[in-house]
Every structure is written in C-alpha cells, then in structure tokens.
Amino acid sequence: MQQDIFLVGSGLTRFGEWWDKGLRDLMDEAIDAALRSSGLNVLDIDLVIVANMLAEVTNDQADLGALASSLMPHHPAALRVEAACGSGSVALHTACAFLESGRAKTVLVIGVEKMTDASTDAVSEALMGAADSELDAPPGLTFLGIFGLIAKRYMHEFGLTREQLSIVSAVHHRNATENPFAQFQQELSPEAVSESPLISDPLRLFDCSPISDGAAACILSTKHRAPMRIRASQVTSDTLSITERQTIVSFPATREAMRRALLEAEIERKDIQAIETHDCFSIAAVINMEDLGFAREGEGIRLYEDLYAGRPSLFVNMGGGLKACGHPVGATGIKQLIDVGKQLKRASTQYGLAHNFGGACASCGIHILENLAV
Amino acid sequence: MNNSASIVHRALRREREKFLPGTIVSFTTLSHPPARFGPMPRTIGMILLENRRRVLGTLLIEKPFIEQSVRPRMRLSHVTEEGIRVYEVAYEASKNVAVAPQKFPGYIIALSGPSGVGKSTISKMLTKACSDYTANVPILTTRDPKSGDDGEYIYTTEKKFESMKRAGSIITSTQIPSSNENRQYGYRATDIEAIWNKGKMPIVVTEIHLLEGLAHHYGRSSVLSFGLLPPGRTKRARLSQLLHRLRARGRESEEHIRDRLKNAEHDLALFRERKDLFDHIVVNEDLTVMIASMKKKVPALSGA
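As structure tokens, this is what we get:
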C-alpha cells in the first residue's frame with residue numbers, strides 16, 4: 023500500500039428479511055453504527071462509496087451514491103460501484119485508490135442490498151446478470167445451476183461425496199450461533215443439509231446462501247489512526263462466462279489476487295490466521311480453500327472436516343459466512359472485512375484476509391487486514 | 012428481461028455455432044428453472060464441442076454422465092410473451108458409452124474461400140515449392156471432366172460414389188446442385204492417409220461442408236484451416252475482384268459466373284459465422300507474399 027490506511031470504524035445491520043426497512047433505512051442504520059464505533063464526526067467523511075448490485079431491478083432505485091450522501095448533513099461526494107456479489111470488495115479497493123492518491127482522507131464505504139422487495143424468481147433472474155447473458159443464460163441456467171455444474175464436475179474429478187460437502191454449511195451455521203448480526207443463528211446438522219430439497223443437482227437448499235436484506239459500512243482513513251490497518255487491496259478479473267475457461271473446478275482470479283495480495287502485504291500465507299471467504303454455495307468454499315492456497319488441489323474439504331471436528335488450523339468464516347450470516351450481495355464484501363477485524367481483535371492475532379467474488383469468480387477482491395495491537 | 016427480442020436474436024445467432032457434436036463436461040438438473048421455461052425440471056449440460064469450444068445447452072438425456080458423447084438437435088425452447096418462438100440447440104445422446112479422446116492422426120492443410128480467390132493456384136504453388144513436405148489430395152467427383160481441370164479431380168459415377176459413401180471409404184462429401192446436374196464431391200480416407208504414410212502433409216482445396224466433415228472425422232485440431240479472402244476493404248470491392256478473376260479465367264459462361272458470385276457472397280459471410288472452422292484468414296493479394304506468409308504459419312514448412 024502506498025499509504026497507511028486504517029479501518030477506523032464499522033457498522034452492520036443484522037442480515038435477514040426486513041419487510042419494514044428500505045435501502046435508505048438499512049444504510050442509515052449501518053452508517054450510524056460505523057460513525058459511533060469510529061468516534062469521528064460525520065463531517066469528517068470526505069467521500070462515500072456505495073456497493074450495490076440490484077437496486078434498479080429489486081427496488082426501482084438508481085443513483086445510490088446520492089441516496090447515501092443525502093443521509094449526511096454535508097452531502098459529501100458519492101459514487102456507486104458494481105461488480106455483482108463482488109461489489110463490496112471492489113468498493114473497498116476503489117476507496118483505497120482514492121485514499122492512496124490523496125484525493126480523499128476519510129472514506130465511508132457502504133454496501134447495501136434489499137433483495138426481499140422482489141419475488142424469488144425475479145431475484146434469481148436478476149442475479150443471473152452476474153453471468154454472461156448471451157453465453158450462459160439462454161438454456162435456462164441460474165446461478166444455482168452454474169454452481170451445480172461446478173459441484174458435479176468437482177465431485178467427478180476429486181471424488182468429493184455428498185456427505186462431505188454437507189459439513190461446510192454445518193460449520194458455517196455453528197459459527198453463526200454467536201453472531202448477533204447473522205440471519206440464521208441456529209445450528210444445522212450435516213444430515214439436515216443432505217436431506218434438504220434438491221435444488222440444482224448435486225446442490226441442495228442448505229448448500230446455498232439465502233436471499234437477504236442488509237447493509238455494512240466501514241470508515242477507512244489515512245488521517246485518523248486506529249489499531250486495524252489495511253495491508254493489501256487487490257482486485258482481479260476472469261471471463262464472465264464459465265464456458266470460456268479451461269477449468270470450472272478452480273478459480274484463477276482467486277489464485278492471482280492471493281498471489282498479489284501476499285506480495286503487497288509482504289507476508290507469507292502461513293502468517294494469516296483468520297479468513298472470511300466467499301461461500302455463496304458450499305462447493306465454492308471448498309474450491310476457495312484450494313485457490314487461496316490453504317489446501318492442496320482436491321483437498322479443500324479436509325480443512326472443513328478439521329474445523330467440524332474442532333481441530334481448526336485457522337479461523338474460517340467465524341461470523342457464519344454467506345450461508346448462515348446471510349448474503350445481501352452488495353454488502354457481503356464489506357461485512358467480510360468487518361468480521362475479519364472482529365476476529366483479529368477477539369483472538370489477538372495479527373493478520374486476517376477477506377476474500378470476496380462476483381459471479382463465478384469473474385471479479386475477485388482480496389483484502390488483508392493487520393491488527394497493530396498485537 | 013431475458014425475453015427481450017434483441018437479446019433473443021443475438022443469442023439465436025450464437026446458437027447456430029453450437030450445432031456440433033461433443034462430450035459432456037458436467038451437468039445439473041434445475042428443480043425450478045426460470046418461469047419462462049415452465050414448471051418442469053430442466054437438465055443443462057456443459058459440452059466440450061469437437062472444435063474444443065465449451066458451451067451450455069439443454070440435455071435431452073434421462074440419465075446423462077460425464078464424458079458421454081452427445082449430438083446437437085435444434086428444437087423449440089419456448090415462446091416469449093411477445094410471441095417470439097425461441098429455438099435452441101439441445102443435446103441428445105449419440106452413443107451410450109464414454110469415448111476415448113480422439114487420436115491425433117496428423118495435420119491436414121485446408122484452403123477454403125470463394126470461387127476465383129486462388130485456392131487451386133496456391134495449393135499448386137505450395138506443393139511445388141515444398142514438394143518434399145506436402146501433396147495435394149484429389150477430390151472425388153461425379154461431374155464430367157472439363158477442359159480447365161488440371162488433375163485435381165478423380166471422376167466416378169453417381170452409383171459408385173454412393174456405394175463408397177455407404178462403405179465409409181468417403182469420409183466427407185457434399186452435394187452441389189447446379190442448373191443442369193446434381194454433382195457430388197468428396198474425399199477418400201485412403202488418399203489422405205497415403206500422403207501421411209509418405210511423411211507428407213496433405214493439402215485439401217475445400218468448402219465449408221467438406222471442411223466440417225474433415226474436422227469431424229479427424230478431429231478439429233488435425234485441420235490447419237486457412238480461409239482465403241480476395242483483396243479489398245469492402246464486400247463490393249472483394250466481389251468485383253473475384254468477378255475479374257473469374258472472367259479472366261475464361262472457363263465459364265457469364266451465367267455460371269453470376270451463379271458463382273452469388274455463392275461467393277455466402278462463402279465470405281461464412282468466415283465470420285463459422286469462425287470456429289478457420290485458424291487463419293489470409294488475403295490473397297500477391298501470390299509470393301501469400302505463399303511465404305502461409306509457410307510461416309505452418310510449423311513444419313517454415314524451413315522449406
């Protein structure tokens with residue numbers, strides 16, 4: 023990083039189905055919480071960056087930058103960033119670029135998604151916008167279908183079983199029981215996952231992250247110091263369509279982002295003790311462990327088996343991940359960074375990583391956070 | 012949204028490129044497909060086509076499996092709210108067994124392009140300049156010999172052609188109907204394999220159907236395929252260039268030439284529509300420059 027960027031404050035709404043709250047309410051709640059945790063005055067905010075994917079489709083609302091800005095008395099400059107489910111990390115990356123260049127000193131980054139205004143069918147179709155509309159969508163594929171294809175192929179190549187895969191969601195649900203911001207705070211047994219309705223063979227209902235409303239805000243600053251510092255911010259891209267890739271059982275964009283992030287942070291992989299990874303579907307979490315380099319090819323599930331058995335080698339998705347905490351798509355990448363910060367503080371460890379992606383990892387963002395209090 | 016007429020139109024254009032056999036890379040059954048496809052579960056596969064491209068398509072197979080061979084079938088997918096009938100390429104089982112990956116028998120150089128672009132001339136010059144490395148593949152035809160023919164054809168009867176096709180000794184054939192006769196053209200496996208056995212590279216002068224057949228029979232990666240364009244920046248300039256050349260050849264009547272020109276327009280469009288079948292599109296402006304540049308593009312000939 024060309025400047026020391028500190029995470030000075032953060033705030034979340036609880037993720038879930040919020041019939042009474044709109045985009046404005048959710049943002050207001052998260053901004054308020056972030057400002058309170060930072061101890062800053064609202065007038066310290068120079069710039070607002072909003073991460074959101076679907077507001078035009080699900081909420082009949084565009085220009086979310088102005089909407090967020092209007093919640094503050096001095097109406098700071100604002101813009102919106104979109105990279106499907108990876109919008110959050112791309113917004114953080116954009117904020118880092120503004121801060122590094124000196125264009126802004128203190129930036130409020132807020133991710134928001136209000137998905138329950140629309141029917142499940144409409145949301146499912148809108149999310150398919152994260153795939154290629156001419157190459158992937160015509161046969162009737164949904165995002166569930168894309169990850170169904172990925173899971174089927176992965177099982178074929180590496181012999182992963184249905185029972186093994188069910189452990190992933192069980193681990194995430196157990197982690198969420200203590201998270202007051204999680205959409206689902208109850209445990210889920212691997213058997214319940216295996217017996218849930220088949221949605222996109224071999225994926226079942228409880229392999230999938232839910233449709234959620236929620237907002238996550240954090241304040242990044244070069245002017246105000248705090249114990250949490252951003253050590254790396256990297257964004258990479260891949261083909262939008264999975265048909266244009268050599269493999270569907272690994273995401274090259276994750277591998278490249280990870281390589282660059284470690285280089286930028288000047289640390290080694292083994293220095294990282296806590297990660298938040300993008301488990302939009304259980305199979306994605308397995309693949310991510312391999313692409314991030316925490317497991318060998320085909321062995322990502324072993325890490326989850328160890329977590330389930332209570333032999334953690336590292337903290338993974340301690341807030342419940344996308345599956346149990348919820349996945350308001352634009353907010354997810356920012357919530358992940360906040361959760362990494364909480365985990366570093368709680369466990370008094372030094373380095374943590376947030377890994378967020380859009381589509382089938384067509385856009386990928388990785389941020390490394392350092393706890394200076396250790 | 013996905014029903015918008017123009018998106019459907021563009022997607023349909025892509026559908027045609029999917030009309031090839033292939034093998035299943037992966038598949039999934041969606042219990043609840045998007046509403047426009049109706050309430051029934053839908054099985055969708057990722058297919059590795061024989062031209063090495065990957066595509067997604069509906070599978071018309073009850074119990075598919077990975078590595079299964081499939082063949083394409085055009086069918087009605089659904090009707091949009093505006094009443095547009097949307098067609099799709101779906102895939103059905105071609106054999107119920109997993110196939111071993113195709114063997115790579117060797118390279119074939121294929122030259123295609125509209126009449127008059129200089130396919131035969133280039134093929135002759137290439138075989139002359141690199142006679143130790145290349146040889147022309149004769150075309151089997153049912154048409155009568157003509158005065159301009161120069162040893163590139165082997166003539167046979169309709170009956171013999173048909174029986175050879177049935178026996179499988181003709182690996183690819185095409186029918187070109189003309190005003191007065193129904194002519195067939197094709198290649199024999201023995202001709203191509205004999206050239207390989209001599210350690211040479213076969214050169215075929217071909218057209219789209221024969222090219223497709225060759226790619227299907229020997230595998231797309233075996234065919235080093237050149238599309239030849241006449242010089243000129245616009246379609247009209249290119250066509251008038253062809254007209255000049257055809258007239259200068261003096262072999263055909265004006266009526267025939269007009270026929271060929273009509274086909275040429277179609278041939279030029281194919282370079283774009285079937286780009287999966289071409290490795291290089293080259294402009295034939297100066298023959299010597301052309302030969303030199305082609306030699307560079309064929310690894311085994313770059314030293315010849």
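Protein chains in written order, with this note's numbering: chain A, 23 to 396; chain B, 12 to 315.
Note that the Cβ used here is the ideal one computed from N, Cα and C, for glycine as well.
Cross-strand partners of B/L216 (DSSP beta bridge): Correcting the residue identity first, residue 216 of chain B is Val in this sequence and not Leu. BP columns for B/V216 point to B/L122.
Any chain B beta carbon closer than 8 Å to A/G381: By this cut-off, A/G381 is not an interface position.
Any C-beta of chain B under 8 Å from that of A/I221: yes
Backbone secondary structure at A/T35 - three-state DSSP: coil
Cβ-based burial, B/N295 [other Cβ within 10 Å; buried from 16]: buried
Counted within 10 angstroms of its Cβ, other Cβ atoms place B/A111 as buried (16 or more) or exposed: With a pLDDT of only 48 at B/A111, under 50, the local geometry of the prediction cannot be trusted, and the value read off the model is given with reservation. Label assigned to B/A111: exposed.
Delimiting residues of the beta strand (DSSP E) encompassing A/L375: From DSSP, the beta strand (DSSP E) with A/L375 extends over Y373 to G380.
Contact set between B/S37 and chain A, taken where Cβ atoms lie within less than 8 Å: L171, I172, K174, R175, H178 and I270
Where the alpha helix (DSSP H) containing A/A287 begins and where it ends: P274 to A287
Within 8 Å, strictly: CB atoms of B/I95 and B/V19: yes
Three-state class that DSSP yields for B/T185 in the structure shown: strand
Contact set between B/A22 and chain A, taken where Cβ atoms lie within less than 7 Å: Against chain A, the beta carbon of B/A22 has neighbours under 7 Å at E156 and P160, listed in chain order.
Three-state secondary structure assigned by DSSP to B/P310: helix
Contact set between the region 328-360 of chain A and chain B, restricted to residues whose Cβ is under 9 Å from the partner: none
Beta carbon of A/H377 nearer than 8 Å to that of A/I388: yes
Cβ-Cβ distance between A/N310 and A/N197 below 8 Å: no
Own chain partners of B/H291 with C-beta closer than 6 Å, once the 5 adjacent residues on each side are dropped: F237 and K308
8 Å Cβ cutoff, B/F30 in contact with chain A: When Cβ-Cβ separations below 8 Å define contact, B/F30 makes no contact with chain A.
Within-8 Å CB hit, B/A16 to chain A: Answer no: the Cβ-Cβ gap between B/A16 and chain A never drops below 8 Å.
Beta-carbon gap between B/F172 and B/Q195 smaller than 8 Å: yes
Cβ of A/D143 within 8 Å of any chain B Cβ: yes
Close beta carbons around A/D54, own chain, < 7 Å, minus the five adjacent residues each side: G33.
Minimum C-alpha distance to B/E28 - residue among B/D287, B/V300 and B/P50: Closest by alpha carbon: B/D287.
Of the residues A/R58, A/M94, A/E104 and A/L62, the one placed nearest A/A77, counting alpha carbons only: Minimum Cα distance to A/A77 is reached at A/E104.
Contact the region 281-291 of chain A vs the region 77-93 of chain B: 3+ CB pairs below 8 Å: Between the region 281-291 of chain A and the region 77-93 of chain B there are fewer than three inter-stretch CB-CB distances shorter than 8 Å, so the stretches are not counted as touching.
Exposed unless 16 or more other CB atoms sit within 10 angstroms - verdict on A/H115: Result: buried.
Residues within the region 234-252 of chain B neighbouring chain A, beta-carbon criterion of under 7 Å: none
Length of the line joining the Cα atoms of B/Q252 and B/G197: 28 Å
Cβ-based burial, B/F115 [other Cβ within 10 Å; buried from 16]: exposed
Contacts that A/G167 makes with chain B (C-beta to C-beta distance below 7 Å): T39, L41 and I55
A/K367 (DSSP reduced to helix, strand or coil): Helix.
Residue-chain proximity (A/L163, chain B), Cβ-Cβ < 8 Å: yes
Rounded straight-line distance, which links the Cα of B/A259 to that of A/S263: 49 Å
6 Å CB neighbourhood of B/P241 in its chain, flanking five on each side removed: V128, R249, Q252 and L253.
Touch test, the region 61-75 of chain A against the region 127-143 of chain A, Cβ-Cβ under 8 Å, three pairs minimum: yes
Strand pairing of A/D235, partner residues [DSSP]: A/G38 and A/K136
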